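Same order as they appear, the protein sequences are chains F and E. Be aware that the first sequence starts at 1, since it is given in the UniProt record's numbering, and climbs by one per residue. Be aware that the second sequence starts at 1, since it is given in the UniProt record's numbering, and climbs by one per residue. A short write-up of the structure that comes next.
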Amino acid sequence: MSTASDTQTRTAPAPADPRPSAGASAPGSQDSEVLLSVENLRIGFGHDEPVVHNSSFQLRRGQCLAIVGESGSGKSVTARAVIGLAGRRARVEAARLELDGIDLLRLSERRWREVRGNRIGFVLQDALVSLDPLRTVGAEVSEAVGAHHPELTKAQRKQRAIELLGSVGIPDPELRAEQLAHELSGGLRQRALIATALAGDPDVIIADEPTTALDVTVQAQILELFDELKSEGRALLVISHDLAVVGRLADRIAVMRNGRIVEHDDSDRVLFAPEDDYTRMLIDAVPEGRSPALGEVTGPVVARVEAVEKTFASPDGSVRNAVDGVSFELRAGETLGLVGESGSGKTTTARILLGLTAPDAGRVEIDGTAWADLSRGARIAHRRSVQTVYQDTLGSFDPRYSVEKILHEALGVTGLPRSARRARTAQLLDAVGLSRTVLGRRPLDMSGGQRQRVAIARALAPQPRIIVCDEPVSALDVSIQAQVLDLLTELQRETGVAYLFISHDLSVINHVSHRVLVMKSGRVVEHGEVEDVFTRPQHPYTAELVAAIPRLHAPAEIPIRKDTAL
Amino acid sequence: MLRLIIMRLLAAVGVVLGAAVVTFFATRAMGDPALAIAGGPESQPTPEVLAQIRADYGLDDPLVVQFLAYLGNLLTGDLGTSYRLEVPVTAAIGEQLPSTLLLALGAAVVAVIVSFVLALATAGRPSRKASGVLELAFASTPVFWLGLLLLSLFSYGLGWFPSISTSDPRSLVLPSVTLGLPIGGLLTQVLRTALEEALEQPFVLSARARGLGEAAVRLRHALRHSLIPYLTMSGYVAGALLGGAVITETLFNRQGIGSLLLSSVTTQDLPVVMGIVVLSAAIFALVNLLVDLSYPIIDRRLKEHAA
Chain F
1 MSTASDTQTR
11 TAPAPADPRP
21 SAGASAPGSQ
31 DSEVLLSVEN
41 LRIGFGHDEP
51 VVHNSSFQLR
61 RGQCLAIVGE
71 SGSGKSVTAR
81 AVIGLAGRRA
91 RVEAARLELD
101 GIDLLRLSER
111 RWREVRGNRI
121 GFVLQDALVS
131 LDPLRTVGAE
141 VSEAVGAHHP
151 ELTKAQRKQR
161 AIELLGSVGI
171 PDPELRAEQL
181 AHELSGGLRQ
191 RALIATALAG
201 DPDVIIADEP
211 TTALDVTVQA
221 QILELFDELK
231 SEGRALLVIS
241 HDLAVVGRLA
251 DRIAVMRNGR
261 IVEHDDSDRV
271 LFAPEDDYTR
281 MLIDAVPEGR
291 SPALGEVTGP
301 VVARVEAVEK
311 TFASPDGSVR
321 NAVDGVSFEL
331 RAGETLGLVG
341 ESGSGKTTTA
351 RILLGLTAPD
361 AGRVEIDGTA
371 WADLSRGARI
381 AHRRSVQTVY
391 QDTLGSFDPR
401 YSVEKILHEA
411 LGVTGLPRSA
421 RRARTAQLLD
431 AVGLSRTVLG
441 RRPLDMSGGQ
451 RQRVAIARAL
461 APQPRIIVCD
471 EPVSALDVSI
481 QAQVLDLLTE
491 LQRETGVAYL
501 FISHDLSVIN
511 HVSHRVLVMK
521 SGRVVEHGEV
531 EDVFTRPQHP
541 YTAELVAAIP
551 RLHAPAEIPI
561 RKDTAL
Chain E
1 MLRLIIMRLL
11 AAVGVVLGAA
21 VVTFFATRAM
31 GDPALAIAGG
41 PESQPTPEVL
51 AQIRADYGLD
61 DPLVVQFLAY
71 LGNLLTGDLG
81 TSYRLEVPVT
91 AAIGEQLPST
101 LLLALGAAVV
111 AVIVSFVLAL
121 ATAGRPSRKA
131 SGVLELAFAS
141 TPVFWLGLLL
151 LSLFSYGLGW
161 FPSISTSDPR
171 SLVLPSVTLG
181 LPIGGLLTQV
191 LRTALEEALE
201 QPFVLSARAR
211 GLGEAAVRLR
221 HALRHSLIPY
231 LTMSGYVAGA
241 LLGGAVITET
251 LFNRQGIGSL
261 LLSSVTTQDL
271 PVVMGIVVLS
281 AAIFALVNLL
291 VDLSYPIIDR
301 RLKEHAA
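Okay, here's the thing in structure tokens:
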């Protein structure tokens, strides 16, 4: 704990000729040159307990180090400390924090600016908000070019920006440069963000959850781009909550928990021979295979969706088929997985099932009664039999309501007398595994997992036949995710409720679903038993999706049909 | 885009007409205009005189007819004739307008400079607390009190600026500061709150990570995101300028719409009062039209929604 005084005893920084000749040593090997060296890093805010304790790691040229951990583990703030952006209130101390001979602990703000972008590039998640939403992506890239090459004229910067956009795999870069971030697809947007980080040609790239907001096939493409950057001899520091994603990219993995690195080794050893209990728990929590708790489906049909269609007019006057001839049945006690990339019509389909969006054509029956045949009043009463659980638990609750009030309100709708509500509320809490002490809490005072349990309890309150789960575990840490998935399966066995389970995560769908529906551009391209669809995908799009699932273990059991992939 | 402009323009005309209707009936509800023309109750006019006035000014006609005549005149740009000055209201206002516009412009410059400098310099920094106290003082100081303070300090005390208005451009300084400072205080708070929100966004972290300096981050990224709430508030404040102008012009003995309004109200010169109300409604509508039209220029995403 004497790290602060250690900072005084270091040798003087080596004279900086930063860039060594290429090919000095094999990239990625253990003996390639160390670019970033961190020893006993401690980060704290204000007078609070440090959030990162004595973390040490090295980053070598051509190597990828992944720091993996759940929310609150200190992984993001570690990455930010390395580029000096941990925040105004942050106290960053270390025995050593060196980039290629530059002592990062003693940099003035002016010298930091020469390091940022120039020596270290930084890529955040979700390019929609990480690129300035009011400026064109070309302006963002050329601004980054200008920050490191002030000698270039405006036209030269723009030209360089277009080259950079092309080099990260953006087609028609001249055209794309004139567009705003939201006008690009998620994958192109993330590539543009990476282009801004490459503008100063840095030899270290730090990426904080770089693929988290992306669809699974796009995620695979972005990981490939990072792999290329690595083979160009850059060093990558990737921050992620997802072991399966970084497993493809990382040479070394550091697992962080509560601000400490609990395991740090070559990625194969961490993934296949973990020594720490927490690492093992993280690996076990990644849903692989089918849940053993899945029951047989013998119940009656509770929902019948027949050839529903829905079109939306775009602002430019063109018409988009959001949902195009979708049909399916849902039986009591069954989980139907709904898979597809963003914009494929999953959410519109769910809204049509819920009776919240009227289809242009087709019919939806819940328990034998069609939404279209019901009067306004009857529809509201009928709605009790279809409930929802959303991804954003915080947004789906009134922040001023206590758990008790949230559940009492849900029970009030069912016409349950006031006197009986308390007992039923207690039953619901038991069912979702929460103690009664949460009754007085408000959504903000609870963890993400607890909130999702409350959301499930609320959905169960009117004893529905169907629950639509829209990405219910996507915002949760993997360990919590596994618990919530188990809870959902268990509740299904007890109550016979049917789930329409929407997710972009095929491992999750595979884990909890009986059947799966694959959507693309508003159409169902594949529909069948989960085992069949995942092991023998018929449609090339499904094959592509299945092949893109990040896996910890070699996917020997699943044939990747590259020949039929798009 | 063109359709948007036309729609907003029609809405602005609607606002002005609405203001005209309300002022017409409100002034009629306040009392007998004939009595006001004759010089108020103190002049104790005979019934014959009042009847004569009513006949001259068309006040015998049914209210609806009078209203339609007023509206018709308004649409042709005729605001009637001042009872007191006995010149067309448009001429009376036109004579005073340049002086007030100059004052408003000066106040706007003061408010914009104060708010930009304070907000950009203190947003997200420890100095925001001190600045917050300063703004609160600016925003909550009554205009007349601030004016007196400035006068006694810079005019009577230091003698840097004249205390009354002359053709000397220096005489514009104190009135502009008096009128602009409270607005500047309010706008600083709006701008700083918006800047601080923008500075927390991930794209700002991205920009800093690219090696951009603090000035570039604030001016090129955060400021643009803050302009929409800033301009919205500016649009509202523009409507309040006239109230402040009345006090400021009186205090500094300046000619202008404010002093014209004051003298017209005290002498019940109803056509002038109504004319000024319609004018201020028109200015308010125009400023807010410009604010509305600036939104899609600042944020291109709004253009798609508007289309």
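Virtual Cβ for every residue (Gly too), placed ideally from N, Cα, C. The structure displayed is predicted, hence computed values, not measured ones.
query                                                                                                                                                                         : result
With DSSP collapsed to three states, give me the class of Ser264 of chain F.                                                                                                  : Before going further, note that residue 264 of chain F is His rather than Ser in the sequence given. It is a strand residue.
Work out the CA separation of Val190 of chain E and Leu120 of chain E for me, nearest whole Å.                                                                                : 12 Å
I'd like to know whether the C-beta of Pro296 of chain E is nearer than 8 Å to at least one C-beta of chain F.                                                                : no
Tell me the DSSP bridge mates of Asn253 of chain E?                                                                                                                           : Paired residue(s): none; Asn253 of chain E is not in a bridge.
Determine, using beta carbons only, whether Pro202 of chain E comes closer than 8 Å to chain F.                                                                               : yes
In chain E, which residues lie with their C-beta within 7 Å of the C-beta of Val129 of chain F?                                                                               : Gln201, Pro202 and Phe203
Do we get a CB-CB distance below 8 Å when we pair Ile83 of chain F with the residues of chain E?                                                                              : yes
Hey, out of F:Gly187, F:Arg157, F:Val512 and F:Ile380, whose CA is closest to Leu336 of chain F's CA?                                                                         : F:Val512
Under the three-state reduction of DSSP, which class applies to Ile164 of chain E: helix, strand or coil?                                                                     : coil
Provide the residue span of the beta strand (DSSP E) that contains His527 of chain F, from first to last.                                                                     : Arg523 to Glu529
To test your reading of the DSSP string, which unbroken beta strand (DSSP E) runs of 3 or more residues are found completely within the stretch 30-93 of chain F?             : 34-45, 52-60, 64-68 and 90-93
What in chain E is Cβ-close to Asp126 of chain F, meaning under 8 Å?                                                                                                          : Pro202
So who's on the other strand from Asn321 of chain F, going by DSSP bridges?                                                                                                   : F:Thr311
Could you please give me the residues that DSSP links to Glu306 of chain F through a beta bridge?                                                                             : F:Arg363
Is Gly117 of chain F close to chain E, meaning its C-beta is less than 8 Å from at least one C-beta of that chain?                                                            : yes
Secondary structure at Ile152 of chain F, three-state DSSP: helix, strand or coil?                                                                                            : Note on identity: in this sequence residue 152 of chain F is Leu, with Ile being the wrong assignment. If DSSP states are grouped into helix, strand and coil, Leu152 of chain F belongs with coil.
Measuring alpha carbon to alpha carbon, tell me which residue in E:Arg208, E:Ser171, E:Ala139 and E:Thr232 is nearest Leu186 of chain E.                                      : E:Ala139
List, from N- to C-terminal side, the alpha helix (DSSP H) runs of 4 residues or more that fit wholly inside the stretch 414-499 of chain F.                                  : 418-431, 448-460 and 478-495
Tell me which residues of the stretch 186-198 of chain F have at least one Cβ-Cβ distance to chain E shorter than 8 Å, keeping chain order.                                   : Leu193, Thr196 and Ala197
Measure the C-alpha to C-alpha separation of Ser385 of chain F and Glu296 of chain F and round it to an integer number of angstroms.                                          : 22 Å
Could you tell me the distance, in whole angstroms, from the CA atom of Ile298 of chain E to the CA atom of Val204 of chain E?                                                : 17 Å
So, for Gln125 of chain F: in the same chain, excluding its five sequence neighbours on each side, which residues have a beta-carbon less than 7 Å away from its beta-carbon? : Asp208, Glu209, Pro210, Thr212 and Ala213
Cβ of Glu404 of chain F within 8 Å of Cβ of Thr388 of chain F?                                                                                                                : no
If you check the beta carbons only, do Arg113 of chain F and Gly211 of chain E fall under 8 Å apart?                                                                          : yes
Of all the CB atoms in chain E, is at least one closer than 8 Å to the CB of Ser25 of chain F?                                                                                : Reliability fails at Ser25 of chain F, whose pLDDT of 41 lies under 50, so the model's placement of it is uncertain and no value is given.
Rounded to the nearest angstrom, what separates Ala455 of chain F and Leu41 of chain F at their Cα positions?                                                                 : 39 Å
Residues of chain E with CB under 9 Å from Leu152 of chain F, in chain order?                                                                                                 : Correct list: empty, because the minimum Cβ distance to chain E is about 15 Å.
Taking only the alpha-carbon atoms, compute the straight-line gap between Leu271 of chain F and Val255 of chain F and give it to the nearest angstrom.                        : 11 Å
Which chain F residues are close to Leu212 of chain E, counting only those with a beta carbon under 9 Å from its beta carbon?                                                 : Arg113, Arg116, Gly117, Glu143, Ala144 and Ala147
Could you tell me the distance, in whole angstroms, from the CA atom of Asn253 of chain E to the CA atom of Gly243 of chain E?                                                : 16 Å
Got a sec, what are the start and stop residues for the alpha helix (DSSP H) Ser176 of chain E sits in?                                                                       : Val173 to Leu199
Using beta-carbon positions only, say whether Gly259 of chain F and Val484 of chain F come within less than 8 Å of one another.                                               : no
Between Ala194 of chain E and chain F, is the shortest Cβ-Cβ distance under 8 Å, so that the two count as touching?                                                           : no
I want to verify the contact list: residues of chain F whose CB lies under 9 Å from the CB of Arg128 of chain E, in sequence order.                                           : Going along chain F, no residue has its Cβ under 9 Å from Arg128 of chain E, so there is no contact; the nearest lies around 12 Å.
For the beta strand (DSSP E) that contains Asp208 of chain F, what are its first and last residues?                                                                           : Val204 to Asp208
Ile6 of chain E by DSSP, collapsed to three states: which one?                                                                                                                : helix
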